[in-house]
Each structure stands twice: as C-alpha cells, then as structure tokens.
Amino acid sequence: MKEVWCVCVSELMIRANAILILTVAWILGTFYYLWQDSKPSSSSSSSSSSSSSGSQLKNHGQKGRLEERTLPLIVTHAPKLEQQSQLLGQFDEKAFLSSKQLKTGEDPYREHAFNLQESDRLGSERAIRDTRHYRCASVTFDPDLPPTSIIITFHNEARSTLLRTIKSVLMRSPPHLIQEIILVDDFSSNPEDCRLLSQIPKVRCLRNERREGLIRSRVRGASAASASILTFLDSHCEVNTDWLQPMIQRVKEDHTRVVSPIIDVISLDNFAYLAASADLRGECNEITPYSIADRLALRRKLNCNSFRWYLENVIPEQEVAYSLLKQIGVTVFYKWKPRGPALQHMISGLCLDSQPPSGPPLVAQCRPQVASQSWEPQLVT
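Its first residue numbered 1, the sequence shown is counted upward by one per residue in full-length UniProt numbering.
Okay, structure coming up:
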C-alpha cells in the first residue's frame, strides 16, 4: 500500500513540475513577443503601409472610446499661415464660413444629422492624431508615383465640413500627387457653395442641372477627370498623414486594383477622432467559380416565367427606360441616345454597329454616314 502511495505522489509531482515549466515558458514567451513588437523597425512592409487612414463621420453609438492600437500617438500640426495662403489662393475662407452659420436656437442636428454647431466651432482645419502603427513612418514609396484626381460629390453639405474635407486633402497630401479636386454639386439649394470653392487652386466645380444621385454624380466627375487614377471621397471626411501614397503605390503596382484605406471614425456629436482597427479586409480576395446550370434546370422544371413577363403582367405601369439589345441569346440593358441615324452609348460614347451579313451587333467608334451604324426604330408587337 505504501508503494502505491509513493507512486501516486511521484506522478503528481511530475505533473505539477510540468505545468509549472509550461506556465513559466508561456509567460516568458509572452514578454518576449511584446518586447519584439515594441522594438522600432526600419523594414518597410506592404502590410504596415496599407494602414494609411482617412476618416468619416459615423454614429459610433458607444460611450467608451474605440481601442487605440497605435503607440505613441503623433499629433500632426496645421501648416503655417503663409502655407495656407498658398494652398487657398484668393479664396476668402472667413466670408465663406460666416455667411452660413447656425442661428441661435436652431437644432444643430436637423439639417445634416450631425452637430453642426460643433463643426462650425472647429473651423476648417484642426490637428489630428496620426493613428497609424508607428512602423508605417519608416515605409518609403516610389518617387515617381502618378498623380490622382480627387472626386467629391455633395448635396447641401455643411460648408464647414466640406471645406475641412478639401483643406485636409491639400494639407496632408504631397502637392505633386494632387492633379485636381473635382467637386460635383448634385443640385444643391445654393449654387454658391461650389462656385466659391472653385477659387481654391486645383479645385474645379461641376454642378448638375437636376438631382442625379451619388453614382451618376461620381460618373460625371470621373468623365471630367484628367488624371489616370481616380480617388473618390465623401464630402464630410478628413484625411490623415500619408493617406494617399500607399494607395497610389498599390495601383501603380497593378492598375486593376481598387484600393480602400482604413476608415477611422469621427463622432457626429463632438467630432472626436477615433482610430479604427487595422485588422480588416474590404472584400474577398478570390472569386469562386460556379455553375448556374442547376438553377436554370429548376426554372425549366417549375415553368418559371421570364423577368420580362413580370414587367408586363405584374407591374405594367413600371416604365423601363432602357433600350433592349439581344445578342447570342443573352439580353443586356444599355442606355443609348440617338445621334442622327446612329445609336450612341451614353457612358462610353461608342455607337452601335452591325456586322454583315447577319452577325451580332457590336460597339465601335462613331462614324457619321456609315450604313452599318444607321438604325431606325420599329414597334415590336
């Protein structure tokens, strides 16, 4: 009996020692990892450079501050007055902001759904924290990065937030990377908002003759842009230090990329700048191929009607303002406009062409008086 007891005690001692050794190793490993992570590094990595951040107004709905993942926090300072005068040119900032201030007793949230009083108090620029990981400061970029056209669409935007967006782009971007800033005014109540801002160097103003919405307005801005890279911003955001270079670097490496920065949060109540997590991915990084043959077979089995049947029988009052083009058994919708006897695509500017003797139609450069591009409407019954 004593021998059995001794064996049990011995096994317990071995297990206790093993647990103690593993615990000590885990603690030492944790301290070593934290020590390694806190050491400055001069190596440049693509993952660290991609944390260039912009910020947008959001209702964070939290009483506490979001987790701050960057230490130390570096504060960026506004440029000197002489530098600001060079950026703004003949633009009268004081008159622009003072002509449209919140009146006493008005609800500061009513018109824009954020605290307009606090936005007006902040003015057109402020010092904000550099919320990137500290290693991002050591990342270098190609010296010959191509410039970009900044496209900002707005409708009845507050003057203080709109001007703060423009000034943050001009002040926190390398001048040679900003080809132009295109403002697309989506039929705001006061056309002076856009016209006055066009006095700022590099700022252009386009005004829609009617409400077109976000996408059509951005398409119009893209059509008017002169740079090879397009950057779309909201009208109430602020950009941070080195926000632009990492994105242009990625596009330069592969022109098919659509790049998005880390978007931090601006409180809609007090305009506090809150850092967002860098551990994110905008979209999936792969396309999974799949077949819809089983879905087509199910439609045939159930005798499903076509989508056109629903348009004609369920909602016949719904007008479909698209021309119908049928090619190789696939129905595609395009927007066209007549150009004499030709049909011109409204986005690309190309014309509908035919192939002799009875080939499928195609699009090509518009050529006046060419028979293959002459069309006449017919009523299909």
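Beta carbons are placed, not taken as given, at the ideal position from N, Cα and C, and that holds for glycine.
Please read these numbers as outputs of a predicted model, since none were measured by experiment.
Please list the segments of the alpha helix (DSSP H) lying wholly inside the segment 137-196, counting only runs of 4 or more residues, in order along the chain.
159-171
Could you pull out every residue in the same chain whose Cβ sits closer than 7 Å to the Cβ of Ile-128, ignoring the five residues on either side in sequence?
Thr-76, Glu-238, Asn-240, Tyr-273
Hey, Asp-120 and Leu-145: beta-carbon distance below 8 Å or not?
no
Bridge partners - Cys-351, DSSP secondary structure assignment:
Gln-344, Ala-364
Secondary structure at Glu-238, three-state DSSP: helix, strand or coil?
strand
Thr-165 and Ala-275 closer than 8 Å at C-beta
no
Residues of its chain near Val-251, where Cβ-Cβ distance is below 7 Å and the 5 sequence neighbours each way are ignored:
Ile-229, Arg-257, Val-259
Are the CB atoms of Gly-221 and Thr-153 within a distance shorter than 8 Å?
yes
Counting along the chain, where does the beta strand (DSSP E) carrying Pro-338 start and finish?
336-339
Tell me the DSSP secondary structure of Val-370 in three-state form.
coil
Close-in-space but distant-in-sequence residues of the same chain around Thr-331 (CB under 6 Å, 5 per side omitted)
The pLDDT assigned to Thr-331 is 45, lower than 50, so where the model puts this residue is not dependable; a value taken from the coordinates is nonetheless given after this. The answer is none, since no qualifying residue turns up.
When the distance is taken between beta carbons, is Leu-88 closer than 8 Å to Ile-200?
yes
His-255, buried or exposed, once every other Cβ within 10 Å from all chains shown has been counted against 16
exposed
Reduced DSSP category for Phe-307 - H, G, I as helix; E, B as strand; rest coil
helix
Measuring only between beta-carbons, confirm whether Tyr-310 sits less than 8 Å from chain C.
Among the protein chains of the structure shown there is no chain C, as only one such chain exists.
Reducing DSSP to helix, strand and coil, say where Thr-30 ends up.
helix
Please report how far the alpha carbon of Leu-97 lies from the alpha carbon of Lys-167, in whole angstroms.
13 Å
Tell me whether Thr-231 sits in a helix, a strand or coil according to DSSP, three-state version.
strand
Evaluate Arg-195 with the Cβ neighbour count: other Cβ atoms within 10 Å of its Cβ, from every protein chain shown; 16 or more gives buried, anything less gives exposed.
exposed
Reduced DSSP secondary structure (H/G/I, E/B, other) of Asp-92
coil
Name the one or two DSSP bridge partners that Cys-203 has.
With the sequence shown as reference, residue 203 is identified as Val, and Cys is not the correct amino acid for it. Answer is Ile-181.
Short of 7 Å in beta carbon distance, which residues of its chain neighbour Ala-364, apart from the five on each side in sequence? Order them along the chain.
Leu-350, Cys-351, Asp-353
Indicate the three-state DSSP secondary structure (helix, strand or coil) for Arg-135 in the structure shown.
helix
Taking Cβ positions, are Glu-157 and Asn-270 nearer each other than 8 Å?
no
Measure the Cβ-Cβ separation of Asp-185 and Leu-206 and say whether it is below 8 Å.
yes
Around the C-beta of Leu-233, are 16 or more other C-beta atoms found within 10 angstroms, so that it is buried, or is it exposed?
buried
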